[in-house]
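Protein sequences, first through last, are from chains L and Z. According to the working numbering, the residues represented by the first sequence are 1 to 497, in order. According to the working numbering, the residues represented by the second sequence are 1001 to 1472, in order. Every residue, glycine too, gets a C-beta built ideally from N, C-alpha and C.
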Amino acid sequence: MNFPILSTIIFLPLLGSFFIFLSKNEEQSKSSIYVSLFTSIANFLLSLFLWFSFDVNTEKFQFVEESNWISGLIKFKLGVDGISILFIVLTAFITPICIISCINSVKSRVKEFLIAILVLETFMIGVFCSLDLVIFYLFFEAGLIPMFLIIGVWGGPKRVYSAFKFFLYTLLGSVLMLIAIISIFWITGTTDITQIYEIKIPREFQYILWLAFFSSFAVKMPMWPVHTWLPDAHVEAPTAGSVILAAILLKMAGYGFLRFSIPLFPVASEYFIPLIYSLSIIAIIYTSLVALMQEDMKKLIAYSSVAHMGYVTLGIFTFNQQGIEGSIYQMISHGLISAALFLCVGVLYDRLHSRMISSYGGVVNHLPKYSFIFIIFVLAGLGLPGTSGFIGEFLVLVGVFQKNYLVAILASIGVILGAAYMLWLAKRVVFGEVKNPKISNLKDLNLAEGSILSILAICVIFFGFYPEPLINTMSVSVNNLINNYQVDLIYHLTSSK
Amino acid sequence: MMDNINILFPEIFLSLSILSALMIGVFVKNSYEIVTKLTYVILILTAFIIFNSGAGKVEYFSDSFIKNPFVDFIKILILLSTIAVLNMSQSFIRNNKISKFEYPIIIMLSILGMFFMLSSNDLIIFYLGLELQSLSLYILAAIDRDNIRSTESGIKYFVLSALSSGLLLYGCSLLYGFTGSINFEIISSELNSNNTGAIFAMVFILVGLAFKISAVPFHMWTPDVYEGSPTSITSFFSVVPKVVGIAVLIRFMMSPFKNIILEWQTIIIFISISSMILGAVAAIGQSNIKRLMAYSSIGHIGYALAGIATGTLSGYSSTIVYMIIYVVMNIGAFGCIFLMKKEGKYVEGINELSGISKKHPLISIALLIILFSLAGIPPLAGFFAKFYIFMTVIENEMYMLAIIGLLTTVVSAYYYLKVIKIIYFDDLKTPLDLIKNINITGTIFISCIILISFFLYPSYLNNIINAIFLNQ
Chain L
1 MNFPILSTII FLPLLGSFFI FLSKNEEQSK SSIYVSLFTS IANFLLSLFL WFSFDVNTEK
61 FQFVEESNWI SGLIKFKLGV DGISILFIVL TAFITPICII SCINSVKSRV KEFLIAILVL
121 ETFMIGVFCS LDLVIFYLFF EAGLIPMFLI IGVWGGPKRV YSAFKFFLYT LLGSVLMLIA
181 IISIFWITGT TDITQIYEIK IPREFQYILW LAFFSSFAVK MPMWPVHTWL PDAHVEAPTA
241 GSVILAAILL KMAGYGFLRF SIPLFPVASE YFIPLIYSLS IIAIIYTSLV ALMQEDMKKL
301 IAYSSVAHMG YVTLGIFTFN QQGIEGSIYQ MISHGLISAA LFLCVGVLYD RLHSRMISSY
361 GGVVNHLPKY SFIFIIFVLA GLGLPGTSGF IGEFLVLVGV FQKNYLVAIL ASIGVILGAA
421 YMLWLAKRVV FGEVKNPKIS NLKDLNLAEG SILSILAICV IFFGFYPEPL INTMSVSVNN
481 LINNYQVDLI YHLTSSK
Chain Z
1001 MMDNINILFP EIFLSLSILS ALMIGVFVKN SYEIVTKLTY VILILTAFII FNSGAGKVEY
1061 FSDSFIKNPF VDFIKILILL STIAVLNMSQ SFIRNNKISK FEYPIIIMLS ILGMFFMLSS
1121 NDLIIFYLGL ELQSLSLYIL AAIDRDNIRS TESGIKYFVL SALSSGLLLY GCSLLYGFTG
1181 SINFEIISSE LNSNNTGAIF AMVFILVGLA FKISAVPFHM WTPDVYEGSP TSITSFFSVV
1241 PKVVGIAVLI RFMMSPFKNI ILEWQTIIIF ISISSMILGA VAAIGQSNIK RLMAYSSIGH
1301 IGYALAGIAT GTLSGYSSTI VYMIIYVVMN IGAFGCIFLM KKEGKYVEGI NELSGISKKH
1361 PLISIALLII LFSLAGIPPL AGFFAKFYIF MTVIENEMYM LAIIGLLTTV VSAYYYLKVI
1421 KIIYFDDLKT PLDLIKNINI TGTIFISCII LISFFLYPSY LNNIINAIFL NQ
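Here it is, written out as structure tokens:
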């Protein structure tokens, strides 16, 4: 039995939060910050170690851990493949950044905030590691508790409404998934997904089960008609909360589609392609237009996230190598870019306590360093070549062109709209005349802010020029996913009654 | 005959002890303390005797009593939860000057009644046990006799409950008339779905039992009685009689009504769905924490009944698991209620809790855990309780019940979240009084630890209970 590295990565943050819980209350909460930084950075290093010792040439699940959990029914099974390992690294990378960012932005009850962030990290990594539907559901749902508290306790003025909306929307979506998971158990006799891949769920059940999973993932993604919780949650959440929400929580749904919906229900996935395409196109175009009209910077970025997630769903449901790799790439790069954009908004908000675009203008005159970095992320957000945002969108569009011209053309319109709202945002905030006299008194980035934003900027540009490490990690697993999908599809269609 | 008496020893021991405790209470002055201490001893000893009474199924006194692992298990569960409830409500009892020596004695009497209900294998013993239990509960509801609300709730409970007992008795007599026996085994072999009269009898009996576990549409007494009775009694009501009611229902489903599953299933499904919906919807508007707990317990009974509605052994065992976790959660929740005092008065309005997390982080986090667990959010124990229930419900292909049940969890999550919102998101108005009481905090701590750590080994409880049902 090897060292259980996945369990360590999952439960190390929980241990850290337990230590913080035991620590004494103090004015500055220095020790809690140190403990949380230490655990989260240690966890990040562990996840890097995991990534380096990961074998990219096999499509099998690696570092598999298995132990009895609910005896006779369900096993506690963990493992990673080329897709999930990237999300684990992303999660472990974003968490220390959130913790550093909250040094400036969170003023009250810092200790509890750090506990919530670390507990949330445990649940998020758990989602990406689990190879069992019930374990997945457990972590997927459990993440609601800390996020609900983060939005509700440390959020803005309308925080109660947003926290409730976030919680109840997501819960409503996922209870249907729970019914589907239990049904799968009684259909196949197991909830271990590697076994279900072999057993194959009968065709007639697939449609309804797919819809149940879809109801959960669509809310979490969020896809067009059920996306309304996201702008509210983003706007009211504190900066670190928005960062985690945009960078990681939204990726759970995309990951869920890849890990569960497609391999478990290939026939239904094929059947519902038109639904996904139409919802994604509506999301891309409609929410881009909505984003153009926003007065609030956070809301604008939130709507742009919905549009970007539209590309992700489009790419996933092309079922070709470029499309799926593109959407995974898009998820990772969106995780970095949106995190950075929310941090940038947070920097301004900490100084002026306003998120309205109209209260800024001409920021470049007084905060040159800030403006430089902000522009990098704006350009990355609109998918400029040379940033990671470009590669994701490009691959997705290449994938979609092979499937459907009309959809690809409509999706390309979204790219133009994306450029429009992002550049207009930069124009109104960074450039122009200094309208608000308070701006001249603002201080430029301090060390903590500057360092985390530069690290993110370096990552965004590095992966923009050199996508190899990510593509290399995922390509074998993606290839395997597509092959299995096609084999299963043929199996189901030929063996039909 | 001597063998039979041996088997009945727990009940005999309990009744003799109650009588001697009563003597001490009457003849010793200010005897509340000593009687309470004696009560703990008696309850623990009784549990010990039952625990050591051996496994296996025995019928005795001409088959009018039954002893099997299931009954023993429920009895021990009752005793333990009674000890927990009594232990944590001591400070409340003293503060509200209801520390009369009758208090623990009547609680023990009601437990004796419950024991007879559980062990009964014929209708007359069952009815006698039920009445002993109910009469004790009426007195307990009205034990704060100078308080008009307590008296009112006692009377209300008495009138409505007597009506339901009447219906139940009518059902019993019909059953006797149509099957010619009062023995459960004989009834079960006589009953079949062609026996329309007996179906009537079953409906009446179900109505009576549904009243005792406050399932919709026979729940009307619950909010008023919960609110009116002293909180120490409310916490007892919300835990012990519910467990007994569910256990007795399972006994009825397993033995006399075994052959008419289809007939009672329809009724239980209806009761279960309506309890879940009413428990979720009606609790939203509540501002009194005891009323909220009343509606929440109605909802939880709905989920427990969903397990019974499957009519299978795995369904019954998931119901018992549900009830055990429900007991743990409720004991924790009432522990918090006993700890929350403002200006010398116990807090009952939910809005009075606003912002207490800023001043009292520990009790707030305990409430957070308990409330999320009641809402059934993973990874807390409340989730597993619901998970096992819906596992069996879906196994038996009752998809409507599962979907309605899970949708109502979303609705009920709303009101639990509302309490959390008041505690965590709102501004602090007035802080609570500091109460240091190791009995209460210890109980809350234990229940929170159970709720959190349940996910480490979630099948432990299930395995025990499955084994018990298999040994029937």
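Item: At least 3 beta-carbon pairs within less than 8 Å: the segment 1431-1450 of chain Z vs the segment 1326-1342 of chain Z; Value: yes
Item: Where L/TRP186 falls, given that 16 or more other Cβ within 10 Å makes a residue buried; Value: exposed
Item: Option nearest L/LEU144 by Cα separation, candidates L/GLY155, L/SER174, L/GLY156; Value: L/SER174
Item: Beta-carbon proximity of Z/SER1076 to Z/PHE1051, cut-off 8 Å; Value: According to the sequence provided, residue 1076 of chain Z is Ile. The question's Ser does not apply to it. Yes. Within cutoff.
Item: Buried/exposed call for Z/MET1220, threshold 16 Cβ in 10 Å; Value: exposed
Item: L/PRO368 versus L/ASP444 - alpha carbon distance; Value: 7 Å
Item: Option nearest Z/LYS1290 by Cα separation, candidates Z/TYR1226, Z/GLU1263, Z/PRO1241; Value: Z/TYR1226
Item: Chain-order list of residues whose beta-carbon lies under 7 Å from that of Z/LEU1206 (same chain, five-residue window excluded); Value: TRP1264, ILE1267
Item: Burial state of L/MET1 (16 or more Cβ within 10 Å); Value: Annotation note: pLDDT 49 at L/MET1 (below 50); position unreliable, no value reported.
Item: Residue burial classification, Z/LEU1043 (beta-carbon count within 10 angstroms, cutoff 16); Value: buried
Item: Per-residue DSSP class, three states only, for L/SER130; Value: strand
Item: Per-residue contacts from L/SER101 into chain Z (C-beta, under 9 Å); Value: Ordered by position in chain Z, no residue passes the 9 Å Cβ test against L/SER101, which lies about 22 Å from the chain.
Item: Residue-chain proximity (L/SER71, chain Z), Cβ-Cβ < 8 Å; Value: yes
Item: Among L/SER130, L/THR39, L/VAL119, L/VAL267, nearest to L/LEU493 - alpha-carbon criterion; Value: L/VAL267
Item: Neighbourhood of Z/SER1091 by C-beta distance below 8 Å, restricted to the same chain and skipping five residues each side; Value: PHE1338, ILE1435, ASN1437, ASN1439, ILE1440
Item: Neighbour list for Z/GLU1395 in chain L, Cβ cutoff strictly below 9 Å; Value: ILE182, PHE185, TRP186
Item: First and last residue of the uninterrupted beta strand (DSSP E) at L/LEU249; Value: It is not in any beta strand (DSSP E) - L/LEU249 carries neither H nor E in the DSSP assignment.
Item: Element boundaries [beta strand (DSSP E), containing Z/TYR1060]; Value: 1058-1060
Item: C-alpha gap between L/PHE148 and L/LEU171, whole angstroms; Value: 11 Å
Item: Under 8 Å between C-beta atoms of L/ALA142 and L/ILE151; Value: no
Item: Environment of L/LYS299 [buried if 16+ CB atoms lie within 10 Å]; Value: buried
Item: Short Cβ contact (8 Å threshold) for L/GLU112 with L/THR95; Value: no
Item: Separation of Z/LEU1432 from L/VAL415, as counted between CA atoms; Value: 56 Å
Item: Proximity of L/PHE140 and L/VAL119 at Cβ, strictly below 8 Å; Value: no
Item: Contact set between the segment 1419-1442 of chain Z and chain L, restricted to residues whose Cβ is under 9 Å from the partner; Value: ILE1420, LYS1421, TYR1424, PHE1425, ASP1426
Item: CB contact check: Z/THR1196 to chain L, cutoff 8 Å; Value: no
Item: Backbone secondary structure at L/MET1 - three-state DSSP; Value: Since pLDDT at L/MET1 reaches only 49, below the 50 mark, its modelled position is unreliable, and the value read off the structure follows with that caveat. DSSP places L/MET1 in coil when its eight states are reduced to three.
Item: According to DSSP, residues forming a beta bridge with L/GLN206; Value: L/GLN206 is not bridged to any residue.
Item: Contacts of Z/PHE1409 in chain L (Cβ-Cβ under 7 Å); Value: Per the sequence shown, residue 1409 of chain Z should be read as Thr rather than Phe. Here the neighbours are VAL175.
Item: CB contact check: Z/MET1220 to chain L, cutoff 8 Å; Value: no
Item: Cross-chain neighbours of L/GLY152 in chain Z, by beta carbon under 7 Å; Value: LYS1421, TYR1424, PHE1425
Item: Exposure of Z/VAL1159, with buried meaning 16 or more beta-carbon neighbours within 10 Å; Value: exposed
Item: Residue of L/TYR271, L/VAL363, L/ILE301, L/SER108 minimising C-alpha distance to Z/PHE1425; Value: L/SER108
Item: Neighbour flag for Z/ALA1402 against chain C, beta carbons, 8 Å; Value: Of the protein chains in this structure, namely L and Z, none is chain C.
Item: Whole-angstrom C-beta distance between Z/ILE1078 and Z/ILE1507, which should lie under 8 Å; Value: Here chain Z comprises residues numbered 1001 to 1472, so residue 1507 of chain Z is not present and cannot be evaluated.
Item: First and last residue of the uninterrupted alpha helix (DSSP H) at Z/TRP1264; Value: 1261-1282
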